[in-house]
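So in the UniProt record's numbering, spot 2 of the sequence shown is number 2, and the numbers just go up one at a time. Quick reminder that beta carbons are idealized off the backbone N, C-alpha and C, glycines included. Input: a single structure, listed below in structure tokens.
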Amino acid sequence: MSVTLHVMKTAVRKLGANLVVPEIADSKNGIVELLEGIEKWDGDLMSDSVAEICEAVCLLLDQLSTPHAEDDGDCIRFLREQVSLFQAKKQRRRYSADFMVFCCILFTISPHAYAYIRSHGSIILPHPMTIRSVHALPMA
Numbered sequence: 001m002s003v004t005l006h007v008m009k010t011a012v013r014k015l016g017a018n019l020v021v022p023e024i025a026d027s028k029n030g031i032v033e034l035l036e037g038i039e040k041w042d043g044d045l046m047s048d049s050v051a052e053i054c055e056a057v058c059l060l061l062d063q064l065s066t067p068h069a070e071d072d073g074d075c076i077r078f079l080r081e082q083v084s085l086f087q088a089k090k091q092r093r094r095y096s097a098d099f100m101v102f103c104c105i106l107f108t109i110s111p112h113a114y115a116y117i118r119s120h121g122s123i124i125l126p127h128p129m130t131i132r133s134v135h136a137l138p139m140a
């Protein structure tokens, strides 16, 4: 029997870090184990673990980035990066090259607007010192 798991009307192949959905269920025990794993994953989400919720959001965003959604790919990548940055510690945040280019341009055009957006907290932006250090790098 073939198995497909949908979360919020989106087919997924993996839930959390440990649960991989098999393509074919070859036994009743396999189906029971899958259902128990789904129940545990869903129960873990109910515990309001920020990391688990962010992981679920990233999973759904990954499912959205298909070749059919090429036009929306940049937006989906931006949202995925923001969710990943949200759950990372400030000292451990790593920004994509495209996002750093955007931040450098925004900071260069208007440092005050950059400071406002950053202080507002609706978008996670690198510290201005990080931007300045990128600006200071010699062009190769």
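Cα-Cα separation between residue i and residue j, rounded to whole angstroms
i: Leu34; j: Ile123; result: 37 Å
i: Ser84; j: Val101; result: 18 Å
i: Gln63; j: Ser119; result: 31 Å
i: Ala51; j: Ala88; result: 9 Å
i: Ile109; j: Gly30; result: 57 Å
i: Ser27; j: Met1; result: 9 Å
i: Ala115; j: Pro128; result: 8 Å
i: Ala25; j: Leu15; result: 17 Å
i: Pro111; j: Arg132; result: 11 Å
i: Leu5; j: Cys75; result: 25 Å
i: residue 147; j: Arg77; result: Outside the shown range of the chain, which is 1 to 140, sits residue 147, and nothing can be said about it.
i: Val32; j: Cys58; result: 26 Å
i: Phe56; j: Ile117; result: Residue identity check: residue 56 is Ala in the sequence provided, not Phe. Looking at the two C-alpha atoms, the distance is approximately 26 Å.
Beta-carbon spacing of residue i, residue j below 7 Å
i: Leu60; j: Thr10; result: yes
i: Glu81; j: Ser65; result: no
i: Ile125; j: Cys104; result: This sequence places Leu at residue 125; Ile is not what is there. It is not a contact, given that the beta carbons lie outside the stated cut-off.
i: residue 149; j: Pro22; result: As shown, the chain starts at 1 and ends at 140. That puts residue 149 outside it, with no answer to give.
Start-to-end residues for the alpha helix (DSSP H) that takes in residue i
i: His120; result: Pro111 to His120
i: His135; result: Pro128 to Ala136
i: Asp62; result: Val50 to Leu64
i: Ser84; result: Gly73 to Gln87
First through last residue of the beta strand (DSSP E) which encompasses residue i
i: Ala11; result: Thr10 to Val12
i: Leu5; result: Leu5 to Val7
Within-7 Å CB hit, residue i to chain D
i: Ile76; result: No chain D appears in this structure, which consists of one protein chain only.
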